[in-house]
Amino acid sequence: MDLSVPGGMGGQEAVGKLRAIDPAAKVVVASGYAHEGVLANYREHGFDGRLSKPFLLAELEALLRQLLRD
1 MDLSVPGGMG GQEAVGKLRA IDPAAKVVVA SGYAHEGVLA NYREHGFDGR LSKPFLLAEL
61 EALLRQLLRD
């Protein structure tokens, strides 16, 4: 999920709502701001993985495979 959504719910708010519904959900955060504190400390903010935009489809695939194995 994108960390920043202009005019909408961002990733930080959404991950909290998702965890309330399904604490075991695998949630990935993506952002074009690699220096963003949430991206640097994604686990502390409730995310299971992170991607810096732009990312390659192969990077997304590798991350999803890893998360689904865990």
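According to UniProt numbering, the sequence shown holds residues 1 to 70 in order. C-beta: ideal position from N, C-alpha, C; glycine also.
Using DSSP with H/G/I as helix, E/B as strand and the rest coil, what is residue 51? Taking the first residue of the sequence shown as 1, we reach residue 51 at position 51. Look at residue 51 here: in three-state DSSP terms it is strand.
Looking at residue 59: is its Cβ nearer than 9 Å to the Cβ of residue 51? As a position in the sequence shown, residue 59 is number 59, starting the count at 1. As a position in the sequence shown, residue 51 is number 51, starting the count at 1. Using a Cβ distance threshold of 9 Å, residue 59 and residue 51 count as a contacting pair.
I think residue 63 touches residue 49, with their Cβ atoms under 8 Å apart; what is that distance to the nearest whole Å? The count along the sequence shown starts at 1 and reaches residue 63 at position 63. The count along the sequence shown starts at 1 and reaches residue 49 at position 49. Indeed, because the Cβ distance is near 5 Å, the residues count as touching under 8 Å.
Cβ of residue 27 within 9 Å of Cβ of residue 15? On the sequence shown, position 27 is the one that residue 27 refers to. On the sequence shown, position 15 is the one that residue 15 refers to. Yes.
So what does DSSP say about residue 30, is it helix, strand or coil? Reading the sequence shown from its first residue, position 30 is the one you call residue 30. In the structure shown, residue 30 sits in a strand (DSSP, three-state: E or B).
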